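For the sequence shown, the numbering used here assigns the number 8 to the initial residue and increments by one for each residue that follows.
All C-beta atoms in this analysis are idealised placements derived from N, C-alpha and C, irrespective of residue type, glycine included.
These numbers come from a predicted model, not from an experiment.
Here is the structure we will look at, set down as structure tokens.
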Amino acid sequence: MQNLSWHKKIIEQIRLMQDQERLPHGLLLRGPEGIGKLNLSMNIAREVLCLPRSDGDSQIKKVRQLFDSKSHPDLYVITRLEEKKDISIDQVREVRVRLSTTSHQGGWKVCVIYPAERMNKNAMNALLKILEEPTPQTMFILVSHIPKILLPTIVSRCQIMNIPVPDYNSSLKWLLERSNFDENEVKNALALSNNRPFLAAEFLEKNLLSEHERFRNILIGVAKLEINFVTAADEIKKLNSMYCLDWFVKYIHSLLIENSNNNKLEIHECLNHIISAKSMMITGHPINIQLIWEELMMKWLKSNVTIL
Numbered sequence: 008m009q010n011l012s013w014h015k016k017i018i019e020q021i022r023l024m025q026d027q028e029r030l031p032h033g034l035l036l037r038g039p040e041g042i043g044k045l046n047l048s049m050n051i052a053r054e055v056l057c058l059p060r061s062d063g064d065s066q067i068k069k070v071r072q073l074f075d076s077k078s079h080p081d082l083y084v085i086t087r088l089e090e091k092k093d094i095s096i097d098q099v100r101e102v103r104v105r106l107s108t109t110s111h112q113g114g115w116k117v118c119v120i121y122p123a124e125r126m127n128k129n130a131m132n133a134l135l136k137i138l139e140e141p142t143p144q145t146m147f148i149l150v151s152h153i154p155k156i157l158l159p160t161i162v163s164r165c166q167i168m169n170i171p172v173p174d175y176n177s178s179l180k181w182l183l184e185r186s187n188f189d190e191n192e193v194k195n196a197l198a199l200s201n202n203r204p205f206l207a208a209e210f211l212e213k214n215l216l217s218e219h220e221r222f223r224n225i226l227i228g229v230a231k232l233e234i235n236f237v238t239a240a241d242e243i244k245k246l247n248s249m250y251c252l253d254w255f256v257k258y259i260h261s262l263l264i265e266n267s268n269n270n271k272l273e274i275h276e277c278l279n280h281i282i283s284a285k286s287m288m289i290t291g292h293p294i295n296i297q298l299i300w301e302e303l304m305m306k307w308l309k310s311n312v313t314i315l
């Protein structure tokens with residue numbers, strides 16, 4: 008867990024809420040993936056778990072030691088279990104039981120849900136019931152990349168914090184300080200991730216820059232009729248499909264902005280299909296990835312792009 012410079016003002020807001028005794032029972036952190044929202048949620052949790060501060064520095068030090076050792080008994084984290092596509096109702100119910108008990112440290116209890124949009128319908132309904140009748144001194148921190156998937160009634164019971172993408176210089180400085188990659192590689196990763204530093208770090212660590220180049224060459228090959236769409240789909244499905252969809256959207260936007268001679272109607276249709284495919288993948292909808300990419304490559308070819 009890191010103290011990120013671009014989250015400093017948000018932490019200051021939380022401290023002000025603490026001082027004014029205005030902490031919400033539900034807090035929704037929403038913003039693009041890859042900007043450190045989970046890291047922020049844990050920093051907020053640590054701030055809240057330091058309450059009350061009646062014992063001064065010694066109490067705060069104890070809380071932080073427990074927190075940093077990942078053994079704080081009043082912190083709960085709900086995320087997808089390994090091999091599972093959703094956060095289940097059983098996970099939410101289990102935390103509800105724990106939150107109904109007395110705090111181990113005599114203060115607040117915090118539950119972080121990440122990513123919140125991966126809760127299935129039953130899990131969301133179970134969470135809604137908790138938020139409707141919250142236990143005193145409890146906080147749920149929902150971390151979401153796509154909050155529109157959440158139940159509107161859940162969102163309405165949360166205080167919303169829109170987490171912005173950090174400025175370029177902050178992202179670049181953070182990446183250069185924490186990685187052994189050269190500056191050009193870091194800048195390329197930032198450009199590819201739309202200046203999202205945590206996502207850029209993942210691209211670098213997993214060598215996804217070369218994967219991106221493979222995907223780009225496939226698109227060029229299809230556009231030039233050098234690769235048929237079935238072969239293209241077969242090659243793309245070997246890559247990270249979610250990242251490929253993000254990169255595809257980035258290319259489409261560039262084409263719409265920069266190339267007025269291209270068939271914009273067909274390009275828009277291709278873009279809509281990409282967004283639809285991404286939505287199905289995010290929500291865990293059963294899909295045939297080969298067929299999805301074949302359809303997208305057909306739309307891409309039909310758009311008659313002249314430049315990538």
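Just reading off the alpha helix (DSSP H) that residue i is part of, what are its end residues?
i, result
"residue 46", "44–56"
"residue 228", "215–230"
"residue 86", "Taken as a continuous stretch (DSSP letters only), residue 86 belongs to no alpha helix (DSSP H), as it is neither H nor E."
"residue 280", "271–289"
"residue 241", "236–243"
"residue 210", "204–212"
"residue 307", "296–309"
"residue 25", "15–26"
"residue 192", "190–199"
"residue 261", "248–265"
Which residues in the same chain have their Cβ closer than 6 Å to the Cβ of residue i, if we skip the five residues on either side of it in sequence?
i, result
"residue 129", "96"
"residue 120", "85 and 149"
"residue 156", "124"
"residue 188", "211"
Whose C-beta lies closer than 8 Å to the C-beta of residue i among residues of the same chain, with five residues either side of it excluded?
i, result
"residue 4", "Past the boundaries of the shown model lies residue 4; the chain is included only from 8 to 315, so the question cannot be answered."
"residue 297", "240, 241 and 244"
"residue 208", "182, 185, 186 and 196"
"residue 104", "none"
"residue 115", "30, 55, 56, 58, 81, 144, 145 and 146"
"residue 294", "284, 287 and 288"
For residue i, which residues from the same chain have a beta carbon less than 7 Å from its beta carbon, with the 5 sequence-adjacent residues on both sides left out?
i, result
"residue 299", "284"
"residue 23", "none"
Could you please give the first and the last residue of the uninterrupted beta strand (DSSP E) stretch that includes residue i?
i, result
"residue 6", "Because residue 6 is not part of the residues shown, which for the chain are 8 to 315, the question remains open."
"residue 34", "33–37"
Look up residue i in the DSSP assignment and give the residues it is bridged to.
i, result
"residue 82", "117"
What alpha helix (DSSP H) runs, 4 residues minimum, are completely inside the region 158–185?
As far as the region 158–185 is concerned, its whole alpha helix (DSSP H) runs of at least 4 residues are 159–163 and 175–185.
Whole runs of the beta strand (DSSP E) within the region 93–158, excluding any shorter than 3 residues
Given a length threshold of 3 residues, each whole run of the beta strand (DSSP E) inside the region 93–158 is given here in chain order: 116–120 and 145–151.
Say whether the region 166–173 touches the region 22–40, bearing in mind that this needs 3 or more beta-carbon pairs closer than 8 Å, one atom from each stretch.
The region 166–173, when compared against the region 22–40, does touch it at the 8 Å Cβ threshold.
If we count Cβ pairs, one from each stretch, closer than 8 Å, do we get three or more for the region 99–106 versus the region 133–149?
Yes, since at least three Cβ pairs between the region 99–106 and the region 133–149 fall closer than 8 Å, the two stretches touch.
Using 8 Å as the threshold, is the region 38–56 in touch with the region 68–82, meaning 3 or more CB pairs across them?
Taking a contact to require three or more Cβ pairs closer than 8 Å, the region 38–56 and the region 68–82 qualify as touching.
Is it a yes or a no for the region 11–22 touching the region 217–232, going by three-plus beta-carbon pairs under 8 Å?
With contact defined as three or more Cβ pairs closer than 8 Å, the region 11–22 and the region 217–232 are not in contact.
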